[in-house]
């Protein structure tokens, strides 16, 4: 099966756009964030998680000819095949697990903890998606 470059690029652009918005909102002190911005951060974390899940499943199937059972399994397959570094694996797994909390157990979410975690930035996720784009553009 071939890799659809446009599909990959669309997913990557969604991730980058959501990261940009989250980082923009997290420049302000937590106390100054209104509910709309807090919920926007939550939404964009879900977008990032969904896009990373889709990308991981797609690459597992198309590139590695494997059929993952879950998004987390897809990320694990990519790591087993040395397509994801350990730091990227950790961050991607955390984002995907956070998505599950945000969607299914939203009432236990502490927005300040989310805020403090996103302040660390998304360099590992960006490194992974940039490597994917480089690979796709060369093949």
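In our numbering, the protein residues as written are 384 to 522. Backbone N, C-alpha and C define an ideal beta-carbon position, used for all residues, glycine too.
Whole-number beta carbon distance between residue j and residue i, since they are thought to touch under 8 Å
{"i": "residue 435", "j": "residue 398", "result": "7 Å"}
{"i": "residue 431", "j": "residue 404", "result": "Residue 431 to residue 404, Cβ: 10 Å. No contact."}
{"i": "residue 473", "j": "residue 433", "result": "So it is not a contact: roughly 19 Å between Cβ atoms."}
{"i": "residue 511", "j": "residue 471", "result": "4 Å"}
Neighbour-count burial assignment, residue i, 16 or more Cβ in a 10 Å radius
{"i": "residue 419", "result": "exposed"}
{"i": "residue 507", "result": "buried"}
{"i": "residue 440", "result": "buried"}
{"i": "residue 557", "result": "Past the boundaries of the shown model lies residue 557; the chain is included only from 384 to 522, so the question cannot be answered."}
{"i": "residue 496", "result": "exposed"}
{"i": "residue 469", "result": "exposed"}
Rounded C-alpha distance that separates residue i from residue j
{"i": "residue 422", "j": "residue 492", "result": "11 Å"}
{"i": "residue 513", "j": "residue 449", "result": "22 Å"}
{"i": "residue 385", "j": "residue 498", "result": "39 Å"}
{"i": "residue 485", "j": "residue 429", "result": "7 Å"}
{"i": "residue 410", "j": "residue 475", "result": "22 Å"}
{"i": "residue 456", "j": "residue 479", "result": "11 Å"}
{"i": "residue 477", "j": "residue 407", "result": "21 Å"}
{"i": "residue 503", "j": "residue 522", "result": "33 Å"}
{"i": "residue 394", "j": "residue 438", "result": "7 Å"}
{"i": "residue 467", "j": "residue 461", "result": "6 Å"}
{"i": "residue 515", "j": "residue 509", "result": "10 Å"}
{"i": "residue 453", "j": "residue 443", "result": "11 Å"}
{"i": "residue 387", "j": "residue 425", "result": "29 Å"}
Range covered by the alpha helix (DSSP H) that runs through residue i
{"i": "residue 449", "result": "Where residue 449 is concerned, there is no enclosing alpha helix (DSSP H), given that its DSSP letter is neither H nor E."}
{"i": "residue 500", "result": "494-501"}
{"i": "residue 414", "result": "That residue, residue 414, is in no alpha helix (DSSP H); it is neither H nor E in DSSP."}
{"i": "residue 514", "result": "506-521"}
{"i": "residue 473", "result": "469-487"}
{"i": "residue 460", "result": "454-463"}
Heavy atom of the ligand PLP within 7 Å of residue i beta-carbon
{"i": "residue 482", "result": "Only the bare structure without any ligand can be found here, which leaves the ligand PLP out of the picture."}
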